[in-house]
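Numbering (full-length UniProt numbering), first residue to last: 1 to 267.
Report on the following structure.
Dropping the structure here:
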């Protein structure tokens, strides 16, 4: 009789015990706490891994050879400011023939994007290098590229279309910025601003349709606005009288590790 009573007591205790004390793989339609917790943890891990893989797929580093130097450029899938363009490579290689003129000078790159020109100048010269853009995403990549190579590049948000004066500098360089009529007019105005200060400006362009707008603004102020191939005047800024250099980048091709940006191609 006592044994029967004890068996009934144990059965009641078993049924009334907290469900989470049971084996975790036991099917229980009334309590899914453990199951939900495990699923939540698994989903969190999967999400973290997926984001990691997506980030790796969307970010890449290219090594660009400029003379004897290898410059690492970090780029990201997205807008044109976060990707590498051929004009910046050609301009950097042209600047490599003029580095002696830039030592101890302040050089400003406008519309820097991923900043190849700035990174090269920081590596090859003793110039104080300023890299400016309106895109914080591009500047962030530039800062990472500089930090990973122990290069000193100062970055700042600056819109050439604004009414603000250019930061103080001896040289201004720009590559492939003539996407729209507004940008073309604004860059021409900035070139005139540099010349008026007694500084130098170097602009590289692959032949965007708005180049003529850029040239018209300069010509209205009596400036010569003819673009030349880089090979034709590799040392043209050695003359103190040459304050404005306009370089035509021929055979423009896609160099980014990511797809072509539609808004640039169509513009």
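Glycine included, every Cβ here is placed at the ideal spot set by N, Cα and C.
In the three-state scheme derived from DSSP, where H, G and I count as helix and E and B as strand, residue 62 is classed as strand. For residue 212, there is no enclosing beta strand (DSSP E); the residue is part of the alpha helix (DSSP H) that begins and ends at 211-220. Residue 157 carries a strand assignment under DSSP once its states are collapsed to helix, strand and coil. In this structure, residue 178 sits near residue 205, with a CB-CB distance shorter than 8 Å. Residues 109, 117, 202 of the same chain have their beta carbon placed closer than 6 Å to that of residue 173, with the five preceding and five following residues left out of the count. Contact between the stretch 129-139 and the stretch 70-88 is present: 3 or more CB-CB pairs across the two stretches fall below 8 Å. Residue pairing from DSSP places residue 248 in a beta bridge opposite 205. Note on the stretch 107-178: whole alpha helix (DSSP H) runs with a minimum of 4 residues are 116-124, 136-148, in chain order.
Within the same chain, Cβ atoms closer than 7 Å to the Cβ of residue 58 are found at 76, 77, the five residues on either side in sequence being excluded. Here DSSP, grouped into helix, strand and coil, assigns residue 74 to strand.
Rounded to whole angstroms, residue 196 and residue 61 show a C-alpha spacing of 38 Å. Residue 91 sits in a helix when the DSSP states are folded into three classes.
The DSSP-derived three-state label of residue 200 is strand. DSSP, read as helix, strand or coil, puts residue 39 in helix. DSSP places residue 228 in the strand class (E or B) of the three-state scheme.
Between residue 246 and residue 231 a beta carbon distance of about 14 Å is seen, past the 8 Å cut, so the two are scored as non-contacting. In the same chain as residue 143, and ignoring 5 residues on each side of it, the C-beta atoms closer than 8 Å to its own belong to 153, 155, in chain order. At least 8 Å separates the beta-carbon of residue 73 from that of residue 165.
Residue 95 is a Cβ neighbour of residue 121, given a cutoff of 8 Å. Inclusion of residue 181 and residue 213 in the CB contact set at 8 Å is warranted, their separation being smaller than that value.
The residues 87, 88, 91, 204, in chain order, have a CB closer than 6 Å to that of residue 175 in the same chain once the five nearest residues on each side in sequence are set aside. Rounded to the nearest whole angstrom, the CA to CA distance from residue 63 to residue 35 is 48 Å. Closest in C-alpha terms to residue 71, from the list 244, 243, 123, comes 123. When the Cα atoms are used, residue 216 and residue 43 turn out to be separated by approximately 59 Å.
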